[in-house]
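Colleague:
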Amino acid sequence: MQQHNSKYDVAVVGGGIVGLAIAYVAAQKGLRVAVFERHPKAQGATIRNFGMVWPIGQAATTFHRAMLAREIWLELAQKAGFWANPGGSLHLAYHEDELHVLEEFVATTRQVGYQCQMLTPLETIARSNAVNPVGLEGALWSTTEVNVDPREASEAIHRYLIQQLHVDIFYNTVITNIEYPCVTSGVSEWKAEQIYVCSGADFETLYPALFAESGMTKCKLQMMRTAPQPNQWQLGPNLAAGLTLQHYASFAHCESLQLLKKRFAREMGDYNRWGIHVLVSQTRLGELTIGDSHEYGLDLSPFDKSLVNNLILKYLKKFLKAPTTEIEESWHGIYAKNPGKTEYIVQPEEGVTIVNGLGGAGMTLSFGLAAELFGQSVSYKTTAG
Ligand SMILES: Cc1cc2nc3c(=O)[nH]c(=O)nc-3n(C[C@H](O)[C@H](O)[C@H](O)COP(=O)(O)OP(=O)(O)OC[C@H]3O[C@@H](n4cnc5c(N)ncnc54)[C@H](O)[C@@H]3O)c2cc1C
355 MQQHNSKYDV AVVGGGIVGL AIAYVAAQKG LRVAVFERHP KAQGATIRNF
405 GMVWPIGQAA TTFHRAMLAR EIWLELAQKA GFWANPGGSL HLAYHEDELH
455 VLEEFVATTR QVGYQCQMLT PLETIARSNA VNPVGLEGAL WSTTEVNVDP
505 REASEAIHRY LIQQLHVDIF YNTVITNIEY PCVTSGVSEW KAEQIYVCSG
555 ADFETLYPAL FAESGMTKCK LQMMRTAPQP NQWQLGPNLA AGLTLQHYAS
605 FAHCESLQLL KKRFAREMGD YNRWGIHVLV SQTRLGELTI GDSHEYGLDL
655 SPFDKSLVNN LILKYLKKFL KAPTTEIEES WHGIYAKNPG KTEYIVQPEE
705 GVTIVNGLGG AGMTLSFGLA AELFGQSVSY KTTAG
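Sequential numbering from 355 applies to the sequence shown in this note's numbering.
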């Protein structure tokens, strides 16, 4: 066994956003941090997602964590030199029942602190000329959503941690065993005061028995990207529409959602079957990122379905007016989900903490959660923008 003499304050297994957030917060506190990533660079859910920091989708219980994370994202984007666009979002209503859910959401959440308001069709179109005006009944405008390009952001954060915060990142290093205070990869061993396991959808390598009994599952999402839009065409705010209302926890308490769900069950069977709701965002280079579907289970097909992508694009065309939706790239990503919960945090042994199961909100919540884990209270500047 090759033992590395120096002892770290914090060892993090996994170079996805959860591991990076913990490494960032710990290193900022002056702690000596090591990150272990099995691949030559991160390739998991963190580089496959939309890059949407999405407070408006969070229930009241995690909204403030999301807002703290938003603030950290914007600060880190400046420091690490990656693009972050605090352009907000529009949830578009093309049916009376969709409008009712949005109105009920605004009326019932005033005390939470969501920074949003209802817009008329004319006001909506004034905010974004990418919105299809035909049949538009209104929209929810929210100021708090931020976009990053996850591929660029992930690389920049890795670089920043190494160069500016002196974090040791060991790539091509799969951690195969943990026995506190040691983390082991093949014949190499390191020691740390605190060990965080942030292995995302890999439940098989470390503490497999614990994951097996935890009820944690995986979710596969199909995604697409267009080429850059011509002539510097701008999407403006991120766009979502009716299907999204049955997806995010923030809307779940709305009584009017039941009627909408009944209509979708009648009219949108294929969409429900593949867990599709449709969001669109734009990268710095002008590409549109489009998704997504949700297939749950521990035995997910490695193959993508064109049926699913076609359904997503068909729905997108109902609300988006863009110069081109010709697809240049498609892929899928898999995240870990703790059903009914916003995360999975357990201590399998003294000194070791598993942080996982952030589901579809890892980009939105990781920095806030990491700050909480290291003792920061959830406070942030109250006004977005
Ligand atoms: C298609 C898609 C779209 C999404 N869109 C959004 C969005 O817009 N906004 C949002 O908030 N969230 C979004 N999410 C969710 C978000 O991407 C995830 O919650 C988040 O990326 C999970 O981060 P993670 O660090 O847990 O996992 P990962 O990013 O998968 O990282 C885990 C890392 O651990 C490494 N690893 C695992 N085991 C070991 C080991 N034993 N030794 C060494 N390394 C190991 C892996 O190689 C991997 O790099 C989306 C997810 C997907 C898939």
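No residue lacks a Cβ here, since even glycine has one placed at the ideal position from N, Cα and C.
Tell me which same chain residues have a C-beta within less than 8 angstroms of the C-beta of residue 394, skipping the five on either side of it?
Modeller: For residue 394, where only same-chain residues beyond five positions count, the Cβ hits under 8 angstroms are 525 and 526.
Colleague: Can you tell which of 399, 484 and 573 has its C-alpha closest to the C-alpha of residue 369?
Modeller: Answer by Cα proximity: 399.
Colleague: Is the beta carbon of residue 546 less than 8 angstroms from the beta carbon of residue 689?
Modeller: No, the pair does not count as a contact, with Cβ atoms beyond the cut-off.
Colleague: Using 8 angstroms for Cβ pairs, my map puts residue 437 next to residue 470. What's the rounded Cβ distance?
Modeller: About 24 angstroms; that fails the 8 angstroms criterion.
Colleague: Go to residue 691, then tell me how far its beta strand (DSSP E) extends in each direction, as first and last residue.
Modeller: 681 to 691
Colleague: Checking 8 angstroms against the spacing of the C-beta atoms, do residue 453 and residue 478 come in under that value?
Modeller: Using a Cβ distance threshold of 8 angstroms, residue 453 and residue 478 do not count as a contacting pair.
Colleague: Exposed or buried, what is residue 574 when buried is set at 16 or more other beta-carbons lying within 10 Å of its beta-carbon?
Modeller: buried
Colleague: So the beta strand (DSSP E) residue 400 belongs to, where does it begin and stop?
Modeller: No beta strand (DSSP E) contains residue 400, which is instead part of the alpha helix (DSSP H) from 399 to 402.
Colleague: Look up residue 739 in the DSSP assignment and say whether it is helix, strand or coil.
Modeller: Residue placement at residue 739 is flagged as unreliable, the pLDDT there being 48, under the threshold of 50; the coordinate-derived value follows with that caveat. It is coil, neither helix nor strand.
Colleague: Residue 412 and residue 715 look like a contact to me (Cβ under 8 angstroms); what is the Cβ gap, rounded to whole Å?
Modeller: Contact flag correct, Cβ pair sits at about 7 angstroms.
Colleague: Using the three-state DSSP reduction, which class does residue 411 fall into: helix, strand or coil?
Modeller: helix
Colleague: Does the Cβ of residue 399 lie closer than 7 angstroms to at least one heavy atom of ligand 1?
Modeller: Distances from the CB of residue 399 to the heavy atoms of ligand 1 include at least one below 7 angstroms.
Colleague: Could you spell out the range, first to last residue, of the alpha helix (DSSP H) harbouring residue 528?
Modeller: Segment: none, residue 528 is in no alpha helix (DSSP H) and carries neither H nor E.
Colleague: What are the start and end residues of each continuous beta strand (DSSP E) run of 3 or more residues lying completely inside the region 365 to 403, in chain order?
Modeller: 387 to 390
Colleague: Among 627, 357 and 727, which one has its Cα closest to the Cα of residue 549?
Modeller: Residue 549 has its Cα closest to that of 727, out of 627, 357 and 727.
Colleague: Below 8 angstroms, can you find three or more Cβ-Cβ pairs linking the region 660 to 673 to the region 549 to 568?
Modeller: By the Cβ rule, the region 660 to 673 does not count as touching the region 549 to 568, because fewer than three pairs are nearer than 8 angstroms.
Colleague: Which runs of the beta strand (DSSP E), 3 residues or longer, sit entirely within the region 484 to 557?
Modeller: 492 to 496, 500 to 502, 522 to 524, 531 to 533, 536 to 539 and 542 to 551
Colleague: Using DSSP with H/G/I as helix, E/B as strand and the rest coil, what is residue 358?
Modeller: Correct three-state label for residue 358: strand.
Colleague: Quick one: what does DSSP say residue 447 is sitting in, helix, strand or coil?
Modeller: DSSP places residue 447 in strand when its eight states are reduced to three.
Colleague: Counting Cβ pairs closer than 8 angstroms, one from the region 499 to 517 and one from the region 604 to 618, do we hit at least three?
Modeller: no
Colleague: Buried or exposed for residue 409, please, with buried defined as at least 16 other CB atoms from any protein chain shown within 10 angstroms of its CB.
Modeller: buried
Colleague: Our contact map puts residue 722 next to residue 403 with C-beta atoms below 8 angstroms; I'd like the distance itself, whole angstroms only.
Modeller: Not a contact, Cβ separation roughly 17 angstroms.
Colleague: From residue 648 to residue 466, what distance separates their C-alpha atoms?
Modeller: 28 angstroms
Colleague: Express the C-alpha separation of residue 463 and residue 414 in angstroms, rounding to a whole number.
Modeller: Distance between the alpha carbons of residue 414 and residue 463: 8 angstroms.
Colleague: Please check the pair residue 366 and residue 377, which I expect to be a contact at CB under 8 angstroms, by giving their CB distance rounded to whole angstroms.
Modeller: About 5 angstroms; that satisfies the 8 angstroms criterion.
Colleague: Rounded to the nearest angstrom, what separates residue 581 and residue 646 at their Cα positions?
Modeller: 18 angstroms
Colleague: Between the Cα of residue 590 and those of 674, 457 and 707, spot the shortest distance and give me the residue it belongs to.
Modeller: 674
Colleague: Please state whether DSSP places residue 606 in a helix, a strand or coil.
Modeller: Three-state result, residue 606: coil.
Colleague: Counting along the chain, where does the beta strand (DSSP E) carrying residue 643 start and finish?
Modeller: 642 to 645
Colleague: Mind checking which residues open and close the alpha helix (DSSP H) that includes residue 477?
Modeller: 475 to 481
Colleague: In the DSSP assignment, what are the bridge partners of residue 438?
Modeller: BP columns for residue 438 point to 502.
Colleague: Where do the ends of the alpha helix (DSSP H) carrying residue 632 lie?
Modeller: That residue, residue 632, is in no alpha helix (DSSP H); it is neither H nor E in DSSP.
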